[in-house]
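Novice: My structure is below; once you've seen it, I'll send some questions.
Numbering (the numbering used here), first residue to last: -12 to 74.
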């Protein structure tokens, strides 16, 4: 059970990264960085939530919401960086 929550967080982060890359209409070249950024951003969101001591509507719901927000923010940053870097 202890490994199920981090696995869920990583899967949510990867899914968020995938959706952000499709939102930006990026090619397959930027799909891998978006997926990795989503996973890293999910854990970054959890670290920020823990540092600021935000609980949300509960421990699990707050963790999922902060992981998704962190993943989306980090994946958007990676996609924007790639878009401006290609010009």
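Glycine included, every Cβ here is placed at the ideal spot set by N, Cα and C. Being a predicted model, the structure only gives us computed values, none of them experimental.
Going by CA-CA distance only, name the one from -11, -6, 20, -5 that's closest to residue 4.
Specialist: Sequence index remark: in the chain shown, residue 4 carries index 17 (1-based). The shortest C-alpha separation from residue 4 is found at 20.
Novice: Excluding the five sequence neighbours on either side, which residues of its own chain have a C-beta within less than 8 Å of the C-beta of residue 33, listed in chain order?
Specialist: Position 46 of the chain shown, counting from 1, holds the residue named residue 33. For residue 33, where only same-chain residues beyond five positions count, the Cβ hits under 8 Å are -4, 50, 53, 54, 57.
Novice: What are the start and end residues of the alpha helix (DSSP H) that includes residue -10?
Specialist: By one-based count along the chain shown, residue -10 stands at place 3. Looking at the DSSP string, residue -10 is not in any alpha helix (DSSP H), and its letter there is neither H nor E.
Novice: Per DSSP, what kind of secondary structure is residue 11 in: helix, strand or coil?
Specialist: If you number the chain shown from 1, residue 11 lands on position 24. Residue 11: coil per DSSP, three-state reduction.
Novice: Along the chain, where does the alpha helix (DSSP H) that runs through residue 27 open and close?
Specialist: Along the chain shown, read from residue 1 onward, the residue named residue 27 stands at position 40. Run containing residue 27: 18 to 39, per the alpha helix (DSSP H) assignment.
Novice: For residue 26, which residues in the same chain have their Cβ closer than 6 Å to its Cβ, ignoring the five residues on either side in sequence?
Specialist: In the chain shown, counting from the first residue as 1, residue 26 sits at position 39. Cβ neighbours of residue 26 beyond the five flanking positions: -3, 0, 1.
Novice: Quick check on the burial criterion: 16 or more other C-beta atoms within 10 angstroms. Buried or exposed for residue 43?
Specialist: The residue given as residue 43 occupies position 56 in the chain shown. With fewer than 16 Cβ atoms within 10 Å of its Cβ, residue 43 is classed as exposed.
Novice: Let me confirm a value: residue 22 is counted as buried when at least 16 other C-beta atoms fall within 10 Å, else exposed. Which label applies?
Specialist: By one-based count along the chain shown, residue 22 stands at place 35. Residue 22 is buried by the Cβ-count criterion.
Novice: Report back the beta-carbon spacing between residue 8 and residue 72 to the nearest angstrom; my notes put them in contact at under 8 Å.
Specialist: As a first step, residue 8 is located in the chain shown; it is residue number 21 there, counting from the start. As a first step, residue 72 is located in the chain shown; it is residue number 85 there, counting from the start. Contact doesn't hold; Cβ gap of about 15 Å is too wide.
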